[in-house]
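Report on one structure; see the data block that follows.
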Amino acid sequence: MKVTISDVARLAGVSTATVSHTINSTRYVSSDTKDKVYHAIHQLGYTPDASARSFRTGKKKTVGFIVPDISNKFFGTIIESAENCLSAKGYHLIIANTKESAEREETSLRLLTAGLVDGLLVASTMEDFSRFDQLIPAGFPVVLVDRTFDTQKYPSVSVSNFQPIYRSVCRLAAKGKRRIGIIGGLPRLSTTRERIAAYQAAVADCRLTQDENFIRYGDSMEDSAPPCLDQLLERNCDAILVCQGLMAAVTIAYLRGKGIQPQRDLEVVSFVDYSTRAYEFYYDQVDRIVQPVEELGRIAGEQILHRIEQPDTPVLERVLTSAYLPFEEHAI
Numbered sequence: 019m020k021v022t023i024s025d026v027a028r029l030a031g032v033s034t035a036t037v038s039h040t041i042n043s044t045r046y047v048s049s050d051t052k053d054k055v056y057h058a059i060h061q062l063g064y065t066p067d068a069s070a071r072s073f074r075t076g077k078k079k080t081v082g083f084i085v086p087d088i089s090n091k092f093f094g095t096i097i098e099s100a101e102n103c104l105s106a107k108g109y110h111l112i113i114a115n116t117k118e119s120a121e122r123e124e125t126s127l128r129l130l131t132a133g134l135v136d137g138l139l140v141a142s143t144m145e146d147f148s149r150f151d152q153l154i155p156a157g158f159p160v161v162l163v164d165r166t167f168d169t170q171k172y173p174s175v176s177v178s179n180f181q182p183i184y185r186s187v188c189r190l191a192a193k194g195k196r197r198i199g200i201i202g203g204l205p206r207l208s209t210t211r212e213r214i215a216a217y218q219a220a221v222a223d224c225r226l227t228q229d230e231n232f233i234r235y236g237d238s239m240e241d242s243a244p245p246c247l248d249q250l251l252e253r254n255c256d257a258i259l260v261c262q263g264l265m266a267a268v269t270i271a272y273l274r275g276k277g278i279q280p281q282r283d284l285e286v287v288s289f290v291d292y293s294t295r296a297y298e299f300y301y302d303q304v305d306r307i308v309q310p311v312e313e314l315g316r317i318a319g320e321q322i323l324h325r326i327e328q329p330d331t332p333v334l335e336r337v338l339t340s341a342y343l344p345f346e347e348h349a350i
């Protein structure tokens with residue numbers, strides 16, 4: 019026989035309303051009472067009826083997250099951090115992987131906004147804001163993550179890398195490097211445009227060699243880095259800045275495979291998109307630009323919960339900043 023909420027209330031010695039408020043966090047319940055309710059739930063093996071709860075409250079307690087590449091540790095870390103935030107409030111997370119395809123993103127947007135989730139986190143791969151906007155139902159809670167649009171209609175949380183990139187290029191110039199190359203992401207993305215703009219500003223201000231061929235574009239996938247690197251080496255670049263963590267790790271490994279030692283044979287500035295010692299080997303002798311990825315995911319989770327609960331609040335743009343760590347500083 020299926021265990022009911024009445025069975026839980028009877029065992030816990032409380033009302034069914036108290037059990038409901040405990041499960042749904044819809045009213046204050048003391049810690050002692052919560053302990054009794056959850057002990058009864060565990061003892062009886064009770065599973066709340068999610069469909070009934072959704073019908074009563076109008077909420078599914080579910081958030082969707084549309085990301086470009088779930089195999090990329092950068093997005094994996096954001097997902098994990100956001101999920102930790104959401105689960106603490108009783109929400110579940112559904113992931114949709116676009117593989118940097120605008121068409122796949124459009125399909126996911128149509129599906130998830132058709133009643134499956136209460137709100138969406140989106141790291142969009144689209145360049146056209148109007149196309150994105152047309153797919154979002156009026157009033158539907160959306161928070162843009164990492165990537166934004168020029169039109170600020172939706173709340174967003176992103177990371178500015180302009181100053182760290184500018185500083186890193188100027189530092190390379192001070193060390194005598196004149197032919198500095200850069201590997202960016204997809205040209206249509208807001209993150210790529212900012213990073214290339216910072217590079218170009220520093221190159222101009224430091225009176226370095228300006229050559230459009232020193233700017234190469236990859237994507238969020240790891241196999242895009244080596245061809246870009248080969249092209250920059252053919253142009254005799256004496257320093258290279260890699261503006262994406264996965265491509266940076268592949269770049270350093272690829273260089274070493276060719277017998278080129280970072281720092282000794284070629285100056286490298288590497289993005290680090292997550293906190294781990296697993297890849298310390300790759301980054302031990304390069305300048306680093308470290309992104310606050312876990313904080314990015316946590317704030318994204320907080321933002322979408324806020325939009326779901328208060329959809330009419332003002333649109334907010336939250337911008338975090340990366341840390342620039344020259345080799346001498348992080349080697350200490």
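This note's numbering applies: residue 19 is where the sequence shown begins, and numbers increase by one. We put the CB at the ideal spot given by N, CA and C, even for glycine. Since the structure is predicted, the reported quantities are computational estimates derived from the model, not experimental observations.
Please state the DSSP three-state secondary structure of residue i.
{"i": "ASP234", "result": "The question names Asp, yet the displayed sequence has Arg at residue 234. Of the three classes helix, strand and coil, the one that applies to ARG234 here is strand, per DSSP."}
{"i": "ASP305", "result": "strand"}
{"i": "LEU314", "result": "helix"}
{"i": "LEU207", "result": "coil"}
{"i": "PRO280", "result": "strand"}
{"i": "TYR342", "result": "strand"}
{"i": "PHE158", "result": "coil"}
{"i": "ALA257", "result": "strand"}
{"i": "ILE59", "result": "helix"}
{"i": "ALA114", "result": "strand"}
{"i": "LEU138", "result": "strand"}
{"i": "SER49", "result": "helix"}
{"i": "SER178", "result": "strand"}
{"i": "ALA68", "result": "Confidence at ALA68 is low in this model, with a pLDDT of 49, below 50, so its placement is unreliable and no value can be given for it."}
{"i": "ILE350", "result": "Confidence in ILE350 is poor, its pLDDT being 46 and thus under 50, which makes the residue's placement unreliable; the coordinate value appears in the next sentence. Coil, per DSSP."}
{"i": "ARG122", "result": "helix"}
{"i": "VAL21", "result": "coil"}
{"i": "GLU335", "result": "strand"}
{"i": "LEU145", "result": "The displayed chain sequence assigns Glu, not Leu, to residue 145. Three-state result, GLU145: coil."}
{"i": "ILE88", "result": "coil"}
{"i": "SER288", "result": "strand"}
{"i": "THR80", "result": "strand"}
{"i": "VAL163", "result": "strand"}
{"i": "GLY194", "result": "coil"}
{"i": "GLY263", "result": "helix"}
Just the Cα atoms here: how many angstroms apart are residue i and residue j?
{"i": "LEU358", "j": "THR80", "result": "Absent from the model: residue 358. The displayed extent of the chain is 19 to 350, so no value can be given."}
{"i": "GLU252", "j": "LYS193", "result": "22 Å"}
{"i": "THR143", "j": "ILE214", "result": "17 Å"}
{"i": "ARG274", "j": "LEU153", "result": "45 Å"}
{"i": "ILE326", "j": "LEU104", "result": "12 Å"}
{"i": "GLU320", "j": "GLN279", "result": "42 Å"}
{"i": "MET265", "j": "VAL161", "result": "26 Å"}
{"i": "SER355", "j": "HIS39", "result": "With the chain represented from 19 up to 350, any question about residue 355 goes unanswered, as that position is not in the structure."}
{"i": "HIS110", "j": "ASP223", "result": "48 Å"}
{"i": "SER24", "j": "SER178", "result": "52 Å"}
{"i": "LYS77", "j": "ASP136", "result": "6 Å"}
{"i": "VAL212", "j": "PHE180", "result": "Checking the sequence, you will find Glu at residue 212 rather than Val. Cα to Cα, the separation comes out at about 6 Å."}
{"i": "LEU250", "j": "PHE232", "result": "6 Å"}
{"i": "GLN262", "j": "THR131", "result": "30 Å"}
{"i": "VAL26", "j": "GLU101", "result": "28 Å"}
{"i": "VAL163", "j": "ARG28", "result": "45 Å"}
{"i": "THR227", "j": "GLU335", "result": "36 Å"}
{"i": "SER290", "j": "ASP229", "result": "Note that residue 290 corresponds to Val in the displayed sequence, not to Ser. So the alpha carbons of these two residues sit roughly 26 Å apart."}
{"i": "ALA191", "j": "ALA243", "result": "24 Å"}
{"i": "LYS20", "j": "TYR56", "result": "17 Å"}
{"i": "GLU124", "j": "PHE83", "result": "13 Å"}
{"i": "PRO329", "j": "ASP146", "result": "24 Å"}
{"i": "PHE167", "j": "SER208", "result": "7 Å"}
{"i": "ARG282", "j": "SER176", "result": "34 Å"}
{"i": "LYS52", "j": "VAL268", "result": "49 Å"}
To the nearest whole angstrom, what separates the beta carbons of residue i and residue j, a pair I think is in contact under 8 Å?
{"i": "GLY315", "j": "SER99", "result": "3 Å"}
{"i": "ILE113", "j": "ILE96", "result": "Wrong, their Cβ atoms sit about 11 Å apart, outside the cutoff."}
{"i": "PRO205", "j": "ALA141", "result": "Not quite, the Cβ-Cβ distance comes to about 17 Å (not below 8 Å), so this is no contact."}
{"i": "VAL311", "j": "ILE270", "result": "Actually they do not touch by this definition, with Cβ atoms about 19 Å apart."}
{"i": "ILE322", "j": "PRO159", "result": "6 Å"}
Would you mind sorting residue i into buried or exposed? The rule is 16 or more other CB atoms within 10 Å of its CB.
{"i": "LYS171", "result": "exposed"}
{"i": "TYR46", "result": "exposed"}
{"i": "ALA106", "result": "exposed"}
{"i": "ALA30", "result": "buried"}
{"i": "PRO332", "result": "exposed"}
{"i": "PRO245", "result": "exposed"}
{"i": "THR44", "result": "exposed"}
{"i": "GLU121", "result": "exposed"}
{"i": "LYS276", "result": "exposed"}
{"i": "LYS195", "result": "buried"}
{"i": "ARG189", "result": "buried"}
{"i": "GLY236", "result": "buried"}
{"i": "THR169", "result": "exposed"}
{"i": "ALA35", "result": "exposed"}
{"i": "VAL308", "result": "buried"}
Check the Cβ-Cβ distances between residue i and every residue of chain D, and say whether any is below 8 Å.
{"i": "THR210", "result": "Absent from the structure: chain D. Only one protein chain is present."}
Legend entry - Validate contact between the region 336 to 345 and the region 179 to 187 using beta carbons, cut 8 Å, 3 pairs: The region 336 to 345, when compared against the region 179 to 187, does touch it at the 8 Å Cβ threshold.
Inset, instruction - Answer yes if the region 243 to 263 comes into contact with the region 196 to 214, meaning at least three C-beta pairs across the two stretches below 8 Å, and no otherwise. - result: Enough Cβ pairs lie closer than 8 Å, so yes.
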